[in-house]
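Asker: Just dropping this structure here.
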């Protein structure tokens, strides 16, 4: 029996299992939070009982982080060059020697309670795409529970854009379907199936000829996105066992967002750019693309969990017995930075968004449990991906806190004996110098971010440009407040069995 036909394939949480399986899955849900809180506990235990060992460990960790930063910056620079190059290419010319007029693009736009201007801007970007619009199928995937206002916006959008594409289709996802969690995953899964029935099957469009782009509703596609995607599909070694990942830019409303929102968004972009240079460690994130053939075979996006954008990759990896990968496009799409009507509401929304992204930790029990049950996947791949997931979420929740606090805790709690030692005397200088060198990496990160900015307002003078670069000095604090803490929050909730639901990030635009 194939793994995708088993009862384990679309598991969302331990409560859906019973017996030994439930115990194993629940243990794996506890694991990330246990590792994180054990690390935090050790930060206080070591200074009191083993301060010398703690000092050696923090120095080694700082050296490790310095080397890792250099390693990441090399990848960032490489992808910066590649992305800039790809933005300047004539992708229509690159496709001249390929037969691609049979390729359709199915674009899914999940829509809840966003304003008309947000939806309109996304559709306008599709209209200005350089791909043949007759080969584009656009689905505005609305929610029944969104009510009358959302229905009116959908109809208004339909009146404007229905004749702009080969097919324009509105779906209304019913609420309260048993076994579903309200959210993006269940919505776009329903929309994809409706598009299959009403368009692909009726028009006899082969599934293998359709590329599906699952976009957030605020996603603005660059003019050559679909040409670039088509080229990547046609040149892929195994196109039907691959997803295609663009680089997310949070530029739509960048000049309206406060500093911490800009830095949080830019940090996510830079991380994704680094990951694009490590395709073996890349998973799908936010807006992404894949073939309808693969999507249909694996049963669409999972409907009973939060992190549908990354989970679809792990679903495919398990369904195809480890034979699935993500192809980096090194080409951007643009989305909204987090913005609310007030400063504090923006901060609150960023925290909730980061916590939802951190809820991707629910993939750890799913993937490791799936590896246990699927005997066809190579052991080497199982170890690699298991370590990749655990290390990624441990780093996100712990590394910044360890770097910032452990050295000071050693001095404060190490006692009179430790504070009289040479290592204690030199510890602040050693760790400070290492972290100063590491912080220089922020300069390159800021310059990379600056190079992809949209046109700035007319009153954006030289002082404001300097301030824009200087704001990157806040990143150590922003990473802790809007990175480590929401990650610890998510892992603790999973550890305690307090499962999260899907939280839709509000889209706000200044008039």
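In the numbering used here, the protein residues as written are 86 to 596. Every residue gets a Cβ at the ideal spot worked out from N, C-alpha and C, and that includes glycine. In this text, all values refer to a predicted model and were calculated from it rather than measured experimentally.
(1) Cβ of residue 299 within 9 Å of Cβ of residue 195?
(2) In whole angstroms, what separates the C-alpha of residue 597 from that of residue 478?
(3) Write down every uninterrupted run of the alpha helix (DSSP H) in the stretch 240 to 316 whose length is 4 residues or greater and which is fully enclosed by it, in chain order.
(4) Determine whether the Cβ of residue 339 lies closer than 9 Å to any Cβ atom of chain C.
(5) Closest to residue 215 by CA distance: which of 139, 585 and 178 is it?
(6) For residue 121 versus residue 573, is the C-beta distance shorter than 9 Å?
(7) Measuring straight from C-alpha to C-alpha, what distance separates residue 206 and residue 129?
(8) For residue 244, count the other beta carbons within 10 Å of its own beta carbon; 16 or more makes it buried, fewer makes it exposed. Which is it?
(9) Alpha helix (DSSP H) containing residue 575: first to last residue?
(10) What residue range does the beta strand (DSSP E) around residue 222 cover?
(11) Go ahead and pull the three-state DSSP assignment for residue 196.
(12) For residue 197 versus residue 302, is the C-beta distance shorter than 9 Å?
(13) Under DSSP, the alpha helix (DSSP H) around residue 133 begins and ends at which residues?
(14) Taking residue 562 as part of the beta strand (DSSP E), name the residues at either end of that continuous run.
(15) Return helix, strand or coil for residue 339, following the three-state DSSP convention.
(16) Who are the Cβ neighbours of residue 308 in its own chain at under 7 Å, not counting the five residues just before and after it?
(17) Work out the CA separation of residue 584 and residue 578 for me, nearest whole Å.
(18) For a quick check, are the C-beta atoms of residue 415 and residue 164 less than 9 Å apart?
(19) On a Cα-Cα basis, can you pick out the residue from 241, 321 and 359 that is closest to residue 333?
(20) Report the rounded CA-to-CA distance for residue 331 versus residue 501, giving the unit in angstroms.
(21) Do you know offhand how far residue 316's Cα is from residue 412's?
(22) Am I right that residue 146 and residue 487 are in contact with their C-beta atoms under 8 Å? What's the rounded C-beta distance?
(23) How is residue 329 classed by DSSP in three states: helix, strand or coil?
(24) Pick helix, strand or coil for residue 591, following the three-state DSSP scheme.
(25) Out of 566, 536, 575 and 484, point me to the one whose CA is closest to residue 154's CA.
(26) Could you tell me which residues DSSP puts in a beta bridge with residue 542?
(27) Who does residue 411 pair with in a DSSP beta bridge?
(28) Determine which residues share a DSSP beta bridge with residue 141 and list them.
(29) Ordered along the chain, which non-local residues of its own chain (more than five positions away) have a Cβ less than 6 Å from that of residue 110?
(30) Figure out for me which residue from 328, 456 and 169 has the closest Cα to the Cα of residue 403.
(31) Excluding five sequence neighbours on each side, which residues of the same chain lie with their C-beta closer than 8 Å to the C-beta of residue 203?
(32) Count the C-beta pairs between the stretch 243 to 260 and the stretch 333 to 348 that are closer than 8 Å, then say yes if the count reaches three, no if not.
(33) Beta carbon of residue 305, beta carbon of residue 418: below 9 Å?
(34) Identify whether residue 334 lies in helix, strand or coil by the three-state DSSP scheme.
(35) Considering only the alpha carbon of each residue, which of 374, 433 and 119 lies closest to residue 191?
(36) Starting from residue 375, trace the beta strand (DSSP E) in both directions and tell me its first and last residue.
Answerer: Judging by the given coordinates:
(1) yes
(2) Residue 597 is absent from the model: the chain starts at 86 and stops at 596.
(3) 269 to 280
(4) The chain labelled as chain C is not found in the depicted structure, where only one protein chain is given.
(5) 178
(6) yes
(7) 51 Å
(8) exposed
(9) 570 to 581
(10) 221 to 228
(11) strand
(12) yes
(13) 104 to 134
(14) No beta strand (DSSP E) holds residue 562; the alpha helix (DSSP H) holding it covers 560 to 564.
(15) helix
(16) 213, 214 and 215
(17) 6 Å
(18) yes
(19) 359
(20) 54 Å
(21) 12 Å
(22) 6 Å
(23) strand
(24) coil
(25) 484
(26) Paired residues: none, contrary to the question.
(27) 328
(28) Answer is none; residue 141 lacks a bridge partner.
(29) 99, 102, 450 and 454
(30) 456
(31) 302, 303, 421, 592 and 594
(32) no
(33) yes
(34) strand
(35) 374
(36) 373 to 376
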